[in-house]
Amino acid sequence: MQRRPAEEENVSAYYPLFLNLNAKACLVVGGGMVAERKVQGLLEARASVIVVSPTLTATLYGLVDKGVIAHVRRSFHHEDVAGCALVIGATDDAEVNGRIAMAARQRGIPVNIVDTPELCDFIAPSVLRRGDVQIAISTGGRSPTLAKRLRQGLEVLIGPEYGELAGLLGRLRTALRRREITPAGRKALYERLIEASGLPLIAHPPVLPSQVHRVRSRRRRYTHAIRARRP
């Protein structure tokens, strides 16, 4: 078995999955812009969102006024996590974030503390959404900026028509299940429909060895520069 480099041994390895949060209570602690983004993502998953924070952004206040999310106007209490399927800590207070993580883990609830990987049971990927088509991109917490750039590149290549096609195929799949068609026959039909749609497979020039070499060279320079600044 090939041994990983020493600097990688303490890096968590994550299992990718899509979690069904439909109508499930999810807690977000914090009321700033970061919390707002987390709330929006949970709402897209149709979660029932509770926000605990003394103050909120204007957008979050608007969601409260519309009855879209629940708001507890105070600081975090240990018992706030009770009954939640998921907990996200998005405050700028390290002590509070630590208490959030502890409270969630004591109850066996998955928790994510923004920008604090050691307190996270899961990390949130950068997600491209096109209707029912979702593409999640993660770097394992190493570089959210790179994940974001990759997502932005895919946004140009994958338009809303892919989501429309997924919806059509989903409805067709439901209808075909009621008919006596073999699994192989259904698969062949799906393939023909996708080809007939005219939507291209994503094709992009491959990464050249020279580009890989350039990135590695820059990484070495940055690493040496950082080490040189350490006392």
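Going letter by letter, the sequence shown gives residues 147 to 377 in my numbering.
Each residue gets a CB set at the ideal place from its N, CA and C atoms; glycine is no exception.
- Item | For R295, the first and last residue of its enclosing alpha helix (DSSP H) | 290 to 303
- Task: Compute the Euclidean distance between the alpha carbons of G287 and P162, then round it to the nearest angstrom.
- Result: 13 Å
- Are the segment 176 to 185 and the segment 299 to 313 touching by the rule of at least three beta carbon pairs closer than 8 Å? no
- Under a Cβ-count criterion, where at least 16 other Cβ atoms within 10 Å of its own Cβ denotes burial, should F222 be classed as buried or exposed? buried
- Query: What residue ranges within the segment 211 to 262 form continuous alpha helix (DSSP H) runs of no fewer than 4 residues, ordered along the chain?
  - Reply: 240 to 252
- Query: If we ignore side chains and look at the alpha-carbon of each, how far apart do V197 and Y336 end up?
  - Reply: 42 Å
- Task: Hey, could you find the ends of the beta strand (DSSP E) I327 is sitting in?
- Result: Note, I327: premise wrong, no beta strand (DSSP E); not H, not E.
- What's the gap between the Cα of A216 and the Cα of V195? 6 Å
- Message: Can you find the residues in the same chain that come closer than 8 Å, C-beta to C-beta, to G277, ignoring five residues on each side of it along the sequence?
- Response: P306, Y308, G309, E310, A312, G313
- Task: With a 10 Å radius around its C-beta and 16 neighbouring C-beta atoms as the bar for buried, classify I115 as buried or exposed.
- Result: The structure shown has nothing for residue 115, since the chain only spans 147 to 377.
- What did DSSP end up calling A312 once you bin it into helix, strand or coil? helix
- Message: With H, G and I counted as helix, E and B as strand and the rest as coil, what does DSSP make of I269?
- Response: coil
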